[in-house]
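K.L.:
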Amino acid sequence: MDGMTTDDLRESIIDAADRLYYAKGYAAVGMDELRTEAGVSLRRLYTVFASKDDIVLAVLDRRHQTWESGLAESVARAADPRDRLLAIYDYLADWFCDDEFRGCGFINAFGELGGTRPAVAEAAREHKASFQRYVAGLVADAGAPPALAAQLAILAEGAQTTAAISGDASVAAQARGAAEVLVAAAGVAVPA
Numbered sequence: 001m002d003g004m005t006t007d008d009l010r011e012s013i014i015d016a017a018d019r020l021y022y023a024k025g026y027a028a029v030g031m032d033e034l035r036t037e038a039g040v041s042l043r044r045l046y047t048v049f050a051s052k053d054d055i056v057l058a059v060l061d062r063r064h065q066t067w068e069s070g071l072a073e074s075v076a077r078a079a080d081p082r083d084r085l086l087a088i089y090d091y092l093a094d095w096f097c098d099d100e101f102r103g104c105g106f107i108n109a110f111g112e113l114g115g116t117r118p119a120v121a122e123a124a125r126e127h128k129a130s131f132q133r134y135v136a137g138l139v140a141d142a143g144a145p146p147a148l149a150a151q152l153a154i155l156a157e158g159a160q161t162t163a164a165i166s167g168d169a170s171v172a173a174q175a176r177g178a179a180e181v182l183v184a185a186a187g188v189a190v191p192a
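Using full-length UniProt numbering, the first residue of the sequence shown is number 1, and each one after it goes up by one.
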């Protein structure tokens, strides 16, 4: 870790924390385990992050950025407004097939820490609200009724939870099929 900038060290700690928290849970990972995984002294870790909550929030911020950029890339590959709506579920399908998939990090954090850590609860709420706003934008671009956005977002959220619990990646295809029905019922036409 010698010669690392503070930013590099911060990113290295976030990488280690993200791996550990996602695999084992936020509450199960102590600072000693984290410092060992990150390869830094406890004193150095605390010079970069004042508390475990600060590390959790940094991990959630990184997960939010990764989610948004991955989703946007998937949607950008779609040719038309209908396919952009359905690309949400294609993105989920790819994610669910990842060997390390353990569900939504925000749902996990909220479930473990949301009741006792208001900042974690707020980060989870804002992440979910951001996703709903994003879907609402796609729905508006497709000329569909605004209610479709909440329906599609809830379907995606349910798929994440179901896939995590069941370990079945095909949940994304099932959710996509349901989304196709909702999109058609909302009047979004299949392109000619």
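A virtual CB, placed ideally from N, CA and C, is assigned to each residue, including glycine.
From a predicted model like this one, the values you see are computed outputs, not experimental measurements.
Note down, one range per segment and in chain order, each beta strand (DSSP E) of at least 3 residues found wholly within the region 12–75.
P.N.:
Runs of the beta strand (DSSP E) inside the region 12–75: none found.
K.L.:
Taking DSSP as the reference, what is the three-state secondary structure of PRO118?
P.N.:
Looking at PRO118 - three-state DSSP - the assignment turns out to be helix.
K.L.:
Suppose contacts are defined by Cβ-Cβ distances below 7 Å. Is VAL48 in contact with ARG10 by that definition?
P.N.:
Contact: yes.
K.L.:
Just to confirm, are ALA27 and VAL59 a CB contact at a threshold of 7 Å?
P.N.:
Cβ distance not < 7 Å, so ALA27 and VAL59 don't count as in contact.
K.L.:
Give the straight-line distance between the Cα atoms of SER51 and TRP67, rounded to the nearest whole angstrom.
P.N.:
The straight-line gap from Cα to Cα measures roughly 25 Å.
K.L.:
Three-state secondary structure (DSSP) at SER170?
P.N.:
SER170: coil per DSSP, three-state reduction.
K.L.:
Using the C-alpha atoms, what's the distance from SER12 back to GLU157?
P.N.:
Each residue's alpha carbon lies about 29 Å from the other.
K.L.:
Taking C-alpha atoms, which residue in LYS24, ARG44, ASP32 lies nearest to MET4?
P.N.:
For the residues LYS24, ARG44, ASP32, the minimum Cα distance to MET4 belongs to ARG44.
K.L.:
Is DSSP giving PHE110 helix, strand or coil here?
P.N.:
It is helical.
K.L.:
Ignore the nearest five residues each way along the sequence and tell me which others in LEU92's own chain have a CB closer than 6 Å to its CB.
P.N.:
Once the five neighbours on either side are set aside, the close Cβ partners of LEU92 are ALA159, ALA172.
K.L.:
Apart from the five residues on each side of it in sequence, which residues of its chain come closer than 7 Å, Cβ to Cβ, to PHE131?
P.N.:
So the list reads ALA153, once near-sequence residues are dropped.
K.L.:
Compare the C-alpha of ARG84 against each of ALA185, PRO145, VAL139, ALA147 and name the closest.
P.N.:
Taking only the C-alpha atoms, the option nearest ARG84 is VAL139.
K.L.:
Beta carbon of ALA121, beta carbon of LEU57: below 7 Å?
P.N.:
No, Cβ-Cβ distance for ALA121 and LEU57 is not below 7 Å.
K.L.:
Is PRO191 closer than 7 Å to ASP90 when the C-beta atoms are compared?
P.N.:
Result no, Cβ atoms of ASP90 and PRO191 do not sit closer than 7 Å.
K.L.:
Use the C-beta contact count for ALA184: other C-beta atoms within 10 angstroms, 16 or more gives buried, fewer gives exposed.
P.N.:
Its Cβ having fewer than 16 others within 10 Å, ALA184 is exposed.
K.L.:
Alpha carbon to alpha carbon, how far is ASP61 from PHE106? Give it in angstroms, no decimals.
P.N.:
C-alpha separation (whole angstroms): 10 Å.
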